[in-house]
Amino acid sequence: MKTPRRLLTAATLVAATALALAACAAPADTDTDQPDGEQSESLVIDKSFDLVTADPARMFETTGGIVLHAVYDSLLTFADGDATEPLPSVASEWSVNDDATEYTFTIRDGITFSDGNPLTSADVVFSLNRVKNVQGNGSFLMNGLTVSAPDETTVVITSETSNTAVPAIVTSPTLGIVNSALVTENGGTDAEDAAETDSAEEFLNSTSAGSGPYVLESFDTTTETVLVANPEYWGEAPVYDRVVLRNATAEAQLMDIQSGTADIALDLGSDQIAGLGGDVVVNTSQSPTMFFFFLNANPEVSEITSSPDFREAVRYGIDFDAMLELAGEGAERAYGIVPSSYLGALGADSAVERDVERAQEAVARLGGDVTVELEYASDFSSNGLSMGPFAERIAAQLAEVGITVNLAPGPIATTLESYRAGTEEMGLWLWNPDYPDSADYLAFGPGGIVGERAGWTAGMAPEIEAVMEEVRGEVDPAAREPLYEEFQELSNEAGVIVPLFQPAASVVSTSAVGDVPYDPVFSLDIAAIGR
Amino acid sequence: MALFIAKRLGAALLLVVGTILVAFVLTAVLPGDAATARLGEQAAANPEIVEAMRRQMGLDRPLYEQFFIYLGGLFRGDLGDSVQTTRPVLTDLLLFGPASAELALSATLIAVVVGGGLGIVAALRANTAVDNVLRAFSLGGVSIPIFWFALIATSIFATRLQWFPSSGRLDAGEIPPPRVTGFYTIDSLLAGDLPLFFQAVDHLILPAIVLSAPMVGLLMRFTRASVLDVLGQEYIRAAEAKGLSPRSVVFGHVLRGALVPVITVVGTAFASLLAGTVLVEQIFAWPGIGSYAYRAASTLDLSAIVGVTIFVALIYIFVNLITDILYGIIDPRIRRA
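Protein sequences, first through last, are from chains A and E. FYI, my numbering numbers position 109 of the first sequence as 109, with every residue one higher than the one before it. Every position in the second sequence, counted from 1, becomes a number in my numbering once 1000 is added.
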């Protein structure tokens, strides 16, 4: 048949116009980008969100911590990435009694909330009690603590037992000070039944009630959260007036930072960073996150992993340096469970070196040819690292000493359940500090939260437990240091928990923003950017 | 015709009920404890907090009771609350649904215009060089992995050339237009904000083109085959013999005949496009149902998972229903069958 030529032309035109239209919209982009000079004052930060709430009492996630550290002041704080010494914030000074059971804080004069109301000791008591009573993820921070206000400018925190970690604990954004009048007005309560009766979360998700350098402009847990500078802030005003925190996958972050749509990217792995061009600044330091695995000490869970011979075989069968290599540039080997920047962290002189023969002998004592199962989360990554490659390397190294490791990956929702139930024979996990103090790592001792999961219950290692008890009551930091070291050395010998490494944490920023350091406590101190 | 539509509607309704049941049961028997999945390390070690969370989420009741409570809520338009956003799931669906719909409809539009147009060209130029080039092009469109195409497209057009933004629906921190339809392109026009409209279009183009790629190829092949098939029919020859202009032959006879199979393809392709949005939305940080579903699954956000499943199933069913009815309108033989 004859081709209807005109129709052919028409159809071609339609298709071509569609393609052309798509391509032509591009120049419009450059026009719409600069209609109002506002863009330059905004700082855009890309982060893979784990954002749940903007209510400090209920918040206990990394992204939430970044946002709320900028919005709510705490009694004390840390600055410049230094997690060793708490600094004054809402409290201008503080003191502690001899047995570390009573802390007295003096509230700084002249602090007002973003609505202009003055901040008093009553707000501190309300905020801390509310955290305790809403029974959220961070309520454990107040375990054993009571708080009172003898007068308008004094707050006293009393601990049931000696607790040297209190100054570090009160830096947590979870314990941020809220405007008690405003929060009460909007459904908040610090009463003992707050878990059932407090209904201020919705309000706090839309309006911030703090005294920090920023206030919430908009809050969304899935797309973006916007902060604007708080005009009432009592301290040094932040450099950026408006900060947009945007939810983006690592892949999207890479594109955004290359195209300049984002100023800062927080989740790029070392391989992604290696491919970046010259127009960015990369700041790499060790993250306090600790990758570790454990051998279950409960004979009911495993006859094999609970045996001292097996522990010895693993301790000398693992090549820690090869693990570190896998963790990439900037990562640091963990000699003990306490991270390198904290009091009492172990040094290279405590390193165990691989000894294949010794490990093989230990396996022989077990009767040879043992098989164990290693469980880990397959759909989870931290600092750009997934668990899978490490599990595979553990299996390969232990195979050389005669231990067959069957890998049991699973979605984190399921593996987390068996980990918490203490039914894993061997598990590969990581730990982010709850607060920047070595005391947090007593959780890995016998009877601690992680210890229990590894089948290591109270009473199983009296020698270690005695050291743990002693360090809890020791007020003098100089005396605490050797005790934490001893705790870790003894734990390493027992071999139930095997610390692997601390990954590198990198913050990538555009040259316009300049150097932005990673903060080991808050991940990112937004108000300090550009200073 | 009325009976035909009623029958189709009845079947669709049955499907909806079945979907809800299946979605609910499958989600409930998922491994993993949704209550502790929400809790941090220290809180999960506290049985009191875990118990309170289970109570709050209604997980302390037997499964059948949970189902009836859910059904009851459903009748009132209550799909439960999402764990990740703390908002009612229905609010989330209404919030994220239009974002996905705007993306999917734009992709469909591109596919129909480009794929359909090129398909007609290929058919009218059958077995010439033009046809061969177009067929190779369509094969590429169908077989290209969408995530790979997305990464290539963004690295060239967003990162290198910087013609298009690489993520989001608007520039970072930009305030969305007052919400009427949830489509930023339409809402910004309604608000009379032209710069915002261009910004929304700008953000839409790249993900929509990526998403449309497989559909363009598919439609091109179908349109070509369908037009060729009709061109060979007796009645076309008769029309030509009567001396009708080529233009009225094609528009009056060929396209009408070729449309039926193409509509089916558009319908099913649109539905499968929704699956493609999960990937595309992840890559382009597009805040739609796809990203929402992905996050819901990884955080064991049960209400959200069931909500999204029902929502997507409803769209599938609706699209199929519309396709069926359109069929009946275009080709009367079908509704009598």
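C-beta atoms are modelled at their ideal positions from N, C-alpha and C, and glycine is treated no differently.
Taking Cβ to Cβ, would you say E:I1020 is nearer than 8 Å to E:I1310? yes
Going by the CB atoms, is the gap between E:G1276 and E:A1211 shorter than 8 Å? Inspection of the sequence shows that residue 1211 of chain E is occupied by Leu rather than by Ala. It is a contact, given that the beta carbons lie within the stated cut-off.
Going along the chain, which residues of its own chain have a beta-carbon closer than 7 Å to the beta-carbon of E:L1139, five neighbours each way excluded? G1217
Rank A:G451, A:A478 and A:G81 by C-alpha distance to the C-alpha of A:E465 and give the top, closest one. A:G451
In whole angstroms, give me the CA-to-CA distance for E:D1324 and E:L1259. 13 Å
According to a CB-to-CB cut-off of less than 9 Å, which residues of the stretch 138-151 of chain A neighbour chain E? G138, S139, F140, L141 and N143
Based on Cα-Cα distance, which residue from E:T1027, E:G1010 and E:I1005 lies nearest to E:A1296? E:T1027
I need the DSSP call for A:L87, collapsed to helix, strand or coil. strand
Complete alpha helix (DSSP H) runs within the stretch 429-465 of chain A (minimum length 4 residues, chain order): 449-453
Quick one: grab the DSSP three-state call for A:I403. strand
Report yes if the CB atom of A:V352 is closer than 8 Å to the CB atom of A:R315, and no otherwise. yes
Looking at the unbroken beta strand (DSSP E) that takes in A:V372, where does it start and where does it end? V370 to A377
Do you know whose CA, among A:A195, A:D220 and A:L442, lies nearest A:V338's CA? A:L442
Report the rounded CA-to-CA distance for A:R420 versus A:Y376, giving the unit in angstroms. 12 Å
List, in order along the chain, the chain A residues whose C-beta lies closer than 7 Å to that of E:D1060? Neighbours of E:D1060 on chain A: none; closest Cβ ~15 Å, over 7 Å.
Just curious, the beta strand (DSSP E) that A:A504 is in, first and last residue? A504 to T510
Identify whether A:L544 lies in helix, strand or coil by the three-state DSSP scheme. The structure shown does not extend to residue 544 of chain A, since chain A is modelled only from 1 to 531, so the question has no answer here.
Going by DSSP in three states, E:L1189 sits in which element: helix, strand or coil? helix
Take the Cβ of A:A274 as the centre, count every other Cβ of all protein chains shown within 10 Å, and call the residue buried at 16 or more, exposed below. exposed
Compare the C-beta of E:A1066 with all C-beta atoms of chain A and state if any pair is closer than 8 Å. According to the sequence provided, residue 1066 of chain E is Gln. The question's Ala does not apply to it. Output row for E:Q1066: interface = no.
Compute the beta-carbon to beta-carbon distance between A:S438 and A:Y342, rounded to the nearest angstrom, for a pair I have assumed lies under 8 Å. 5 Å
Is E:Q1042 close to chain A, meaning its C-beta is less than 8 Å from at least one C-beta of that chain? yes
For the stretch 1002-1011 of chain E against the stretch 105-125 of chain A, are there 3 or more C-beta pairs whose distance is under 8 Å? no
Provide the residue span of the beta strand (DSSP E) that contains E:Q1162, from first to last. Taken as a continuous stretch (DSSP letters only), E:Q1162 belongs to no beta strand (DSSP E), as it is neither H nor E.
Can you give me the Cβ contacts of E:A1271 inside the same chain, cut-off strictly under 6 Å, excluding the 5 residues immediately before and after it? Y1316 and V1319
Under 8 Å, do A:T556 and A:V215 count as touching if we go by C-beta distance? With chain A running from 1 to 531 in the structure shown, residue 556 of chain A is simply not present.
Would DSSP call E:W1148 helix, strand or coil? helix
Interface positions of the stretch 1259-1283 of chain E facing chain A (Cβ-Cβ less than 9 Å), listed along the chain: Q1282 and I1283
Within the 8 Å Cβ cut-off, does E:P1088 reach chain A? no
Pull up the CB-CB distance for A:P499 and A:F292, whole angstroms please, since I reckon it's below 8 Å. 5 Å
Have a look at the DSSP bridge pairing and note the partners of A:R350. Looking at the sequence itself, residue 350 of chain A is Ser, so the reference to Arg does not match. Partner(s): none; A:S350 has no beta bridge.
Per-residue contacts from A:M255 into chain E (C-beta, under 8 Å): T1154, S1155, A1158, T1159, S1166 and S1167
Which partner residues does A:N283 have in the DSSP bridge list? A:V507
Taking Cβ to Cβ, would you say E:G1173 is nearer than 8 Å to A:V44? yes
Min CB distance E:S1298 to chain A below 8 Å: yes
Reference A:S340, options A:N230, A:A83 and A:T53, closest by Cα: A:A83
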